[in-house]
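First comes the structure, then the notes that go with it.
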Amino acid sequence: MDAKKLIEIMQAVAVKIEEEKDYLTELDNVIGDGDHGINMARGFKAVEEKLPSLAGKDIGIILKGIGLQLVSNVGGASGPLYGTAFMKAGAACTGLVSMDAVAFVQAMEAAVQGIEMRGKAHEGEKTMLDALCPALKALRHGVDSGKTAKAALADAVAAAEQGVAYTQTIIATKGRASYLGERSLGHQDPGATSSLYILQTILAHLS
Amino acid sequence: MDAKKLIEIMQAVAVKIEEEKDYLTELDNVIGDGDHGINMARGFKAVEEKLPSLAGKDIGIILKGIGLQLVSNVGGASGPLYGTAFMKAGAACTGLVSMDAVAFVQAMEAAVQGIEMRGKAHEGEKTMLDALCPALKALRHGVDSGKTAKAALADAVAAAEQGVAYTQTIIATKGRASYLGERSLGHQDPGATSSLYILQTILAHLS
Amino acid sequence: MKKIINDVASVEEQMIQGLVKAAPDMLRKLEYGTIVVRAQRKQGQVALVSGGGSGHEPAHAGYVGKGMLDCAVAGTVFTSPTPDQVLEGIKAVATDQGVLCVVKNYTGDIMNFEMAVEMAADEGIKAEYVVVNDDVAVKDSLYTTGRRGVAGTILVHKIAGAKAEEGADLKAVKEVAEKVIANVRTMGMAIAPCTVPAAGKPGFELAEDEMEIGIGIHGEPGTHREKLASADTIAKMLVDHILADIDYKGQEIVLIVNGMGATPLMELYIVNNFVHDYLTKQGITIYDTMVGNYMTSIEMAGFSLTLLRLDDEMKSLYDAKAHTLAWKK
Amino acid sequence: MKKIINDVASVEEQMIQGLVKAAPDMLRKLEYGTIVVRAQRKQGQVALVSGGGSGHEPAHAGYVGKGMLDCAVAGTVFTSPTPDQVLEGIKAVATDQGVLCVVKNYTGDIMNFEMAVEMAADEGIKAEYVVVNDDVAVKDSLYTTGRRGVAGTILVHKIAGAKAEEGADLKAVKEVAEKVIANVRTMGMAIAPCTVPAAGKPGFELAEDEMEIGIGIHGEPGTHREKLASADTIAKMLVDHILADIDYKGQEIVLIVNGMGATPLMELYIVNNFVHDYLTKQGITIYDTMVGNYMTSIEMAGFSLTLLRLDDEMKSLYDAKAHTLAWKK
Ligand SMILES: Nc1ncnc2c1ncn2[C@@H]1O[C@H](COP(=O)(O)OP(=O)(O)O)[C@@H](O)[C@H]1O
Ligand SMILES: Nc1ncnc2c1ncn2[C@@H]1O[C@H](COP(=O)(O)OP(=O)(O)O)[C@@H](O)[C@H]1O
Ligand SMILES: [Mg+2]
Ligand SMILES: [Mg+2]
Ligand SMILES: [Mg+2]
Ligand SMILES: [Mg+2]
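Residue numbers (UniProt numbering), protein chains in the order written: chain A, 1 to 207; chain B, 1 to 207; chain C, 1 to 329; chain D, 1 to 329.
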């Protein structure tokens with residue numbers, strides 16, 4: 001994947017998020033405060049507007065630029081989290097003009113660590129990490145065992161899907177859903193769902 | 001009608017008003033502030049509680065006592081109006097231990113004048129006066145032409161019924177309904193309706 | 001009907017008790033009825049009494065205190081208090097300088113206060129009253145009951161209250177009250193009705209896309225119904241109605257953006273954002289703005305706009321210190 | 001959704017503009033974002049910055065002014081402002097004495113303010129923050145996000161604001177803020193939900209006879225649902241919950257009966273009537289009572305109760321002069 005492709009993919013992510021805005025908000029309405037889709041759509045719209053000015057830059061700069069846009073436009077919990085994720089991924093890709101499978105794993109590793117650090121959370125707390133951590137594991141495993149980036153990412157998406165389903169079965173201990181205690185059981189986490197959408201869109205647009 | 005009968009009739013009026021409380025409130029809801037039945041029921045409940053202590057008094061004192069209870073328990077527009085009506089009727093009956101047809105006319109005349117004076121209103125403004133003024137006219141005419149009190153009162157009730165129906169056809173220029181302007185058309189005046197109920201109850205219990 | 005109350009019959013009594021308990025050093029409830037007076041009785045100055053039905057909180061008990069009212073007499077919800085209750089209030093605060101009652105223009109309120117003032121006179125108390133009629137939604141004419149008294153009433157409390165506190169005599173206090181009345185105009189609207197507890201259901205019903213224009217403060221329907229419009233459109237309509245009655249151009253005014261009880265401040269500020277610019281563009285100078293719930297209709301959702309034209313006397317009385325539950329200056 | 005607004009996208013901007021226009025001599029809006037600061041910038045004293053999502057009006061911009069906040073940063077409705085916005089606010093009011101941010105305990109608020117404070121430090125500004133977590137509806141535990149910050153936050157604004165105004169240094173201002181946080185507890189309920197403008201429909205739905213207990217201030221459902229009960233029953237339940245967390249017996253407290261936005265004062269006073277007597281009976285002394293809409297959830301109907309245990313320092317700071325839109329002392 002080169003920088004041009006990355007920009008193309010991020011444009012597609014912005015479209016996808018806008019499409020799923022109402023659904024993500026609906027999910028957040030049940031166990032949160034009903035704004036996740038709104039927040040994400042606002043942020044990715046800002047990203048979309050920023051992308052043209054990032055064209056021609058290296059992958060590190062593009063990812064950091066996206067992270068900054070998310071941090072300063074999403075707000076709420078998901079803003080700093082996704083923002084940190086992209087900024088950390090960018091830092092892991094400093095100077096790269098294209099990304100191979102190994103770089104992709106490293107970027108995603110940095111992103112997930114960034115979220116864990118910023119959110120003081122880990123897998124199993126009914127957050128976006130329940131999609132991202134299994135996805136990262138699957139991605140790393142796939143790449144380590146010699147799969148193509150696309151094939152490994154397909155595994156990651158499948159793992160993220162399972163992770164999203166898993167969020168329905170656990171009680172939230174982080175984020176607003178944690179205020180509901182047992183009442184959060186049976187409901188899908190909005191942040192995990194938006195993470196899945198991002199991974200799905202990357203996969204769909206990988207050549 | 002002697003003082004004992006008067007007390008009996010007023011007890012019946014209190015029962016009737018309580019029965020019609022919701023309907024009167026409903027009428028007031030449409031063109032007023034939805035409390036006429038509540039106000040009247042509160043007032044006549046106080047009257048009912050007071051009646052035993054008025055037993056044995058003359059008619060003038062009983063009517064004044066009722067008026068005072070209404071003034072100090074009904075509130076709103078109807079309180080001072082009905083209160084003044086009964087107090088003026090009482091003043092017209094000072095010292096009487098029983099009331100003949102002529103005295104009845106004089107009492108009712110005083111009552112209606114009291115309302116006109118206190119409310120600065122006259123017939124045709126969509127108020128209780130649209131029941132009471134025609135009723136008074138019919139009563140006076142009946143008694144003047146030699147009818148019994150009961151027969152004349154029957155005429156008065158019939159006139160009041162027509163008056164109540166008439167209130168549906170005119171625009172209010174007094175009371176809260178006047179704020180509605182043309183929108184008050186087609187709706188029956190709650191105060192005229194409660195006046196009719198009082199007259200009907202007196203008629204039903206006259207021997 | 002969904003309300004946080006105990007039972008319908010005790011709403012007024014418990015509310016007034018709860019209000020007094022919020023400021024026991026400042027306020028006292030009389031034994032007789034739902035009547036609130038200052039804890040420290042005024043001496044040697046004109047005393048101000050107001051009141052009316054309950055359901056307009058913080059009016060009127062929220063305006064009892066230094067610089068404003070001496071006494072507020074509360075009737076049951078939306079029903080004028082009775083003459084004996086008003087008389088009780090008058091007697092509890094009357095001074096040798098006399099008492100001024102501030103009455104809103106409703107048939108019931110006027111008759112009950114009028115009777116009370118007559119009864120007070122019989123007991124040797126110098127009592128008079130003024131009638132507030134600021135609501136331009138209602139046409140004023142010799143042949144009707146005239147305009148209603150609504151949110152502008154609190155400006156009468158404030159300015160006449162300051163005058164009384166200064167030690168002015170009854171004539172002067174009454175005069176300044178009447179000056180406020182002559183210069184204050186209001187108009188209101190609602191997007192959702194209110195429910196009188198004892199009635200158990202709303203005074204009118206509105207569809208999701210409807211609003212009622214020209215509402216009063218007693219849950220009654222307004223002068224007409226329209227499709228719900230934007231905040232700016234509604235606010236412009238109300239202001240235009242007011243300016244058609246008094247042309248405030250070139251004047252200095254106080255503006256009240258008043259919530260009807262259930263309107264979030266968010267919406268009131270959005271309204272103020274428009275009204276401020278719109279008035280300024282017409283050459284009207286906004287001396288001060290009040291945004292909040294000042295004269296409500298229980299849980300009605302909607303707002304009213306009030307404009308008062310100031311002169312130097314009213315301005316300095318408006319600025320004078322006041323210490324009440326709902327208005328501190 | 002039935003609201004008096006212009007369009008969903010401009011709610012926050014127009015609201016903040018309208019708020020500032022209500023007190024142009026006292027408040028100023030920054031060009032960048034929906035950020036409100038005092039018109040006269042403080043010099044040589046610690047500056048206080050607070051904020052969070054919009055929808056809690058009058059919080060927080062209504063508490064900007066002498067004796068309380070220096071700056072309020074408003075995000076979109078119920079969404080924490082972003083770090084660059086908070087940073088902008090910090091920079092607009094920072095003094096050489098430093099800045100204290102008052103943050104309510106939500107993941108989003110904490111992360112965004114934390115990043116802003118880090119960024120401020122990079123620019124050489126001495127900035128710290130405290131986290132308010134007064135809501136006992138939520139269990140506090142090492143393994144959760146802990147209790148939420150709700151209405152008790154305004155007592156932090158008031159008391160830490162007075163300390164800053166006195167000229168105390170950042171350490172002392174932060175300490176007294178943390179003392180308030182340690183001693184303040186809140187719990188709330190709702191009988192009707194609110195609607196985030198951008199979402200267009202309510203956060204939860206309740207039947208005519210249901211209420212939600214343990215609600216927060218972001219339209220989210222509470223900890224559980226019950227059949228609607230009487231005002232006294234509800235109030236007792238909330239107080240008991242609070243007293244189970246901190247035993248206020250024998251203490252002097254400030255009590256806040258806070259409306260959630262659409263609750264009529266009538267109902268809040270009825271609640272106060274019970275709470276006052278109930279607390280007094282348990283040997284708790286009520287030093288002062290505040291009844292009104294202080295920390296709202298747009299047009300949610302319901303209320304919360306807040307208790308703050310006072311000591312001499314907090315008492316005198318609580319009593320200190322304050323001049324803001326929503327709190328005058
Ligand atoms: N501490 C955390 N760590 C990781 N993810 C979190 C954390 N807190 C919340 N989230 C994620 O953020 C999502 C909510 O985002 P959003 O609704 O935009 O913010 P807010 O909760 O402030 O309204 C949750 O569904 C969850 O996946
Ligand atoms: N000026 C008036 N003269 C005579 N009757 C009046 C006048 N104003 C109002 N009424 C009567 O009073 C009735 C309303 O009474 P009520 O609802 O108890 O008082 P309020 O209008 O104060 O709520 C009206 O239906 C009308 O018949
Ligand atoms: Mg959310
Ligand atoms: Mg009525
Ligand atoms: Mg009435
Ligand atoms: Mg949010």
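In this text, a Cβ means the ideal position worked out from N, Cα and C, and glycines have one as well.
If you reduce the DSSP assignment to three classes, tell me which class residue i lands in.
{"i": "D/Pro83", "result": "helix"}
{"i": "residue 330 of chain D", "result": "Any property of residue 330 of chain D remains undetermined from this structure, which presents chain D solely from 1 to 329."}
{"i": "C/Val64", "result": "strand"}
{"i": "B/Glu116", "result": "helix"}
{"i": "C/Gly53", "result": "strand"}
{"i": "D/Arg225", "result": "strand"}
{"i": "D/Ala326", "result": "coil"}
{"i": "A/Ser98", "result": "strand"}
{"i": "C/Ala149", "result": "Note on residue identity: the sequence assigns Gly, not Ala, to residue 149 of chain C. The answer is coil: DSSP assigns C/Gly149 none of H, G, I, E or B."}
{"i": "B/Asp2", "result": "strand"}
{"i": "C/Leu176", "result": "Checking the displayed sequence, the identity of residue 176 of chain C turns out to be Val instead of Leu. Reduced to three states, the DSSP call for C/Val176 is helix."}
Per DSSP, which residues does residue i bridge with? Please list them.
{"i": "D/Pro202", "result": "D/Thr195"}
{"i": "C/Thr306", "result": "C/Thr186 and C/Ile256"}
{"i": "C/Ile128", "result": "This sequence places Glu at residue 128 of chain C; Ile is not what is there. C/Leu100."}
{"i": "D/Met300", "result": "D/Gly261"}
{"i": "A/Ile66", "result": "Answer is none; A/Ile66 lacks a bridge partner."}
{"i": "C/Met290", "result": "C/Ile256"}
{"i": "C/Val271", "result": "Paired residue(s): none; C/Val271 is not in a bridge."}
Under 8 angstroms, Cβ to Cβ, is there at least one residue of chain B near residue i?
{"i": "C/Asp277", "result": "no"}
{"i": "C/Met189", "result": "no"}
{"i": "C/His218", "result": "yes"}
Using beta carbons (cut-off 8 angstroms, strictly below), is residue i in contact with chain D?
{"i": "C/Tyr269", "result": "yes"}
{"i": "C/Phe303", "result": "yes"}
{"i": "C/Pro58", "result": "yes"}
I'd like to know if residue i contacts chain C, where contact means its C-beta is closer than 8 angstroms to some C-beta of that chain.
{"i": "B/Lys174", "result": "yes"}
{"i": "B/Arg140", "result": "no"}
{"i": "B/Tyr179", "result": "yes"}
{"i": "B/Asp35", "result": "yes"}
{"i": "D/Glu208", "result": "yes"}
If the cut is a Cβ gap below 7 angstroms, which residues of chain D does residue i touch?
{"i": "A/Thr25", "result": "Ala199"}
Give me, in chain order, the residues of the same chain whose beta-carbon lies closer than 7 angstroms to that of residue i; leave out the 5 immediate sequence neighbours on both sides.
{"i": "B/Leu70", "result": "Gly43, Val47, Gly79, Tyr82, Gly83 and Phe86"}
{"i": "D/Lys328", "result": "Ala322"}
{"i": "A/Gln162", "result": "Pro134"}
{"i": "D/Tyr248", "result": "Ile284, Leu307 and Arg309"}
{"i": "A/Gln11", "result": "Glu48 and Leu51"}
Any C-beta of chain A sitting closer than 8 angstroms to the C-beta of residue i?
{"i": "D/Arg185", "result": "no"}
What residues in its chain sit with their C-beta under 8 angstroms from that of residue i, if we drop five residues either side in the sequence?
{"i": "D/Asp288", "result": "Val254, Leu255 and Tyr318"}
{"i": "B/Leu54", "result": "Ile7, Ile61, Ile62, Gly65 and Ile66"}
{"i": "A/Val30", "result": "His187"}
{"i": "B/His36", "result": "Leu24, Thr25, Leu27, Asp28, Gly76, Ser78, Pro190, Gly191 and Ser194"}
{"i": "B/Ala149", "result": "Met1, Asp100, Ala101, Phe104, Val143 and Leu206"}
What does residue i reach in chain C if we use C-beta pairs closer than 7 angstroms?
{"i": "D/Gln40", "result": "Residues of chain C passing the Cβ test: none, with the nearest at roughly 18 angstroms."}
{"i": "D/Asn133", "result": "Under the 7 angstroms cutoff, chain C gives no residues; its nearest Cβ is about 25 angstroms from D/Asn133."}
So with CB distances below 8 angstroms, who are the chain D contacts of residue i?
{"i": "C/Met119", "result": "Within chain D, no residue comes near C/Met119; the closest Cβ sits about 29 angstroms away, beyond 8 angstroms."}
Going along chain D, which residues have a C-beta under 9 angstroms from residue i?
{"i": "A/Val71", "result": "Thr82, Pro83, Asp84, Asn112 and Met115"}
Starting from the beta carbon of residue i, find every residue of chain A whose beta carbon is closer than 9 angstroms, and list them in chain order.
{"i": "D/Pro221", "result": "Val30, Ile31, Tyr179, Leu180 and Arg183"}
For residue i, which residues of its own chain have a beta-carbon under 6 angstroms away from its beta-carbon, when the five flanking residues on both sides are left out?
{"i": "A/Val74", "result": "Asn39 and Gly43"}
Could you list which residues in chain B have their beta carbon closer than 7 angstroms to that of residue i, in chain order?
{"i": "C/Arg148", "result": "Tyr179"}
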